[in-house]
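To start, the structure itself, in structure tokens.
In our numbering, the protein residues as written are 27 to 333.
Structure follows, in structure tokens:
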């Protein structure tokens, strides 16, 4: 196999539009699956992509016709976890044989959902550490980081696609690494999300400020420590050293709004059940305690209901 023919992004919000833009500018064919006013803007005016102080207006191929994913060699799922199950149901019978499916969602459950929905397809897990947000319909601003890690989750008919995707991302200027332990890769990102996503949504304070504050740092660290305990009990290779790395990286961050902060602020459903809520539920099933994750989940739900 040579170069990827077409790369699809299912759920092309801020993350999907950023990476889709990078690949498009590198000469790859990209299909953006979107909806609503965002889709209409993409179709009528193209994609406004701002990164590194430069803004580009790009003509993009955007659609809400899920059957068009059949033309894609790789489909990257960049939707919210809340939308994933319904999306997978709609996709049945509409993916090409030999296509590879890549999860980019928060949490750790998405790769298994993809594998269950499409038993013959290769599934890869991915994590994207990126600051990006939609500034309006058809407009994305990339503000921080942007690297991606990928790992083979389940072998299938399209295993060769993983190396092709890595080559494509590299050609597009996306820092990308292959991870031999995708489960640990997902849990390492879950640790950060458990520590910072909910607390920033609740306080409207940036993650770096939560890490630098002597009063909030213990809350952040305990949420991550609880997640480490759960992950370890499930046989995942995560440990306290990962927490220390996350704190150091976060202290060096700029003023980046977390995805949950953005969701709560915009009145959208957030992913708390797949982050702190997931850790708290798993802890209950394992006979472990996760009081901070339970508290953060409860408070975010209360804030969400209050509007």
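Ideal Cβ positions, reconstructed from N, Cα and C, are used throughout, including at glycine.
Among the candidates 198, 168, 176 and 274, whose CA atom is the shortest distance from the CA of residue 189? If you number the chain shown from 1, residue 189 lands on position 163. Of 198, 168, 176 and 274, the residue nearest in Cα terms is 176.
Since I believe residue 34 is in contact with residue 85 (beta carbons under 8 Å), could you give me their beta-carbon distance rounded to a whole number of angstroms? Walking along the chain shown from the start, residue 85 turns up at place 59. Walking along the chain shown from the start, residue 34 turns up at place 8. 17 Å between Cβ atoms; not a contact.
DSSP-derived helix/strand/coil call for residue 83: Within the chain shown, the letter at position 57 stands for residue 83. Residue 83: strand per DSSP, three-state reduction.
Along the chain, where does the beta strand (DSSP E) that runs through residue 126 open and close? Counted from its first residue, the chain shown places residue 126 at position 100. Element bounds for residue 126: 126-129.
For residue 54, three-class secondary structure by DSSP: For the purposes of this step, residue 54 is identified with residue 28 of the chain shown, where counting begins at 1. Secondary structure of residue 54 (DSSP, three-state): coil.
Between 289, 42 and 297, which has its C-alpha nearest residue 200's C-alpha? As a working note, residue 200 is residue 174 in the chain shown. Put simply, of 289, 42 and 297 the residue whose alpha carbon is nearest the alpha carbon of residue 200 is 42.
Where the alpha helix (DSSP H) through residue 222 begins and ends: Residue numbering aside, residue 222 sits at position 196 when the chain shown is read from its first letter. It spans 208-229 - the alpha helix (DSSP H) in which residue 222 sits, taken as one unbroken run.
Contact set for residue 114: own chain, Cβ-Cβ below 6 Å, skip 5 residues either direction: Residue mapping note: residue 114 aligns to position 88 of the chain shown, counting from 1. Result list for residue 114: 143, in chain order.
Residues near residue 243 in its chain [Cβ-Cβ closer than 8 Å; skip 5 each side]: Taking the chain shown and counting its residues from 1, the one referred to as residue 243 is at position 217. Excluding positions up to five away in sequence, the list reads 236, 237 and 273.
Looking only at its own chain, which residues have a Cβ that is under 7 Å from the Cβ of residue 110, when we skip the five neighbours before and after it? Translated into the one-based positions of the chain shown, residue 110 becomes position 84. Taken in chain order, the residues that qualify are 103, 131, 136 and 139.
Residue 122 to residue 328 span [Cα, whole Å]: As a working mapping, residue 122 is identified with position 96 in the chain shown. As a working mapping, residue 328 is identified with position 302 in the chain shown. Approximately 42 Å between the Cα atoms of the pair.
Evaluate residue 106 with the Cβ neighbour count: other Cβ atoms within 10 Å of its Cβ, from every protein chain shown; 16 or more gives buried, anything less gives exposed. Within the chain shown, residue 106 is the residue found at index 80, counting from 1. Classification for residue 106: buried.
Beta carbon of residue 294 nearer than 9 Å to that of residue 306: Sequence index remark: in the chain shown, residue 294 carries index 268 (1-based). Sequence index remark: in the chain shown, residue 306 carries index 280 (1-based). Not in contact: residue 294 and residue 306 (Cβ atoms no closer than 9 Å).
Three or more beta-carbon pairs under 8 Å between the region 76-83 and the region 214-228, yes or no? no
Distance, residue 159 Cα to residue 63 Cα: The sequence position of residue 63 within the chain shown is 37, counting from 1. The sequence position of residue 159 within the chain shown is 133, counting from 1. When rounded, the distance between both Cα atoms is 16 Å.
Sequence-distant residues of its chain with Cβ nearer than 8 Å to residue 192 (five each side left out): The residue you call residue 192 lines up with position 166 of the chain shown. Counting only Cβ-Cβ distances below 8 Å, and skipping sequence neighbours, we find 176, 202 and 204.
Under 8 Å, with one C-beta from each stretch per pair, do the region 171-185 and the region 203-217 reach the 3-pair mark? yes
Anticipated Cβ contact below 8 Å, residue 88 with residue 68, distance rounded: Locating residue 88 in the chain shown gives position 62, where the first residue counts as 1. Locating residue 68 in the chain shown gives position 42, where the first residue counts as 1. With 8 Å as the limit, residue 88 and residue 68 qualify as a contact, their Cβ atoms being about 4 Å apart.
Any heavy atom of the ligand SAH closer than 8 Å to the Cβ of residue 246? Summarising the ligand content, the structure contains no ligands, and the ligand SAH is consequently not present.
Measure the alpha-carbon distance for residue 194 versus residue 30 and round it to whole angstroms. Position 168 of the chain shown, counted from the start, is the residue given in the question as residue 194. Position 4 of the chain shown, counted from the start, is the residue given in the question as residue 30. Rounded to whole angstroms, residue 194 to residue 30 spans 8 Å at the Cα level.
Opening and closing residue of the alpha helix (DSSP H) in which residue 276 lies: Within the chain shown, residue 276 is the residue found at index 250, counting from 1. Start and end: 266-277.
Less than 8 Å between the CB atoms is what I'm expecting for residue 60 and residue 96, so what's the real figure, rounded? Within the chain shown, residue 60 is the residue found at index 34, counting from 1. Within the chain shown, residue 96 is the residue found at index 70, counting from 1. With a contact defined as Cβ atoms closer than 8 Å, residue 60 and residue 96 miss out at about 17 Å.
Enumerate in chain order the residues of its own chain whose CB-to-CB distance from residue 251 is below 8 Å, with the five nearest sequence positions on each side excluded. By 1-based counting over the chain shown, the position of residue 251 is 225. Closer than 8 Å at Cβ, skipping near neighbours: 266 and 269.
Could one say the Cβ of residue 114 lies closer than 9 Å to chain D's Cβ atoms, at least one of them? The structure shown has no chain D; it contains just one protein chain.
Going by DSSP, which residues form a beta bridge with residue 180? The residue you call residue 180 lines up with position 154 of the chain shown. According to DSSP, which records beta bridges pairwise, residue 180 is partnered with 149.
Helix, strand or coil for residue 241? Go by DSSP, reduced to three states. Taking the chain shown and counting its residues from 1, one reaches residue 241 at position 215. Three-state DSSP puts residue 241 in coil, outside helix and strand.
My output table needs one value for residue 120: the three-state DSSP class, helix, strand or coil. Translated into the one-based positions of the chain shown, residue 120 becomes position 94. DSSP places residue 120 in coil when its eight states are reduced to three.
If I measure Cβ to Cβ from residue 287 and keep anything under 6 Å in the same chain, skipping five residues before and after, which residues do I get? As a working note, residue 287 is residue 261 in the chain shown. If we look at residue 287 and ignore the five residues flanking it on each side, its Cβ neighbours are 226 and 227.
Report the option in 292, 313, 314 and 285 whose CA atom is closest to the CA atom of residue 300. Mapped onto the chain shown, residue 300 falls at position 274. That would be 285, whose Cα lies nearest to the Cα of residue 300.
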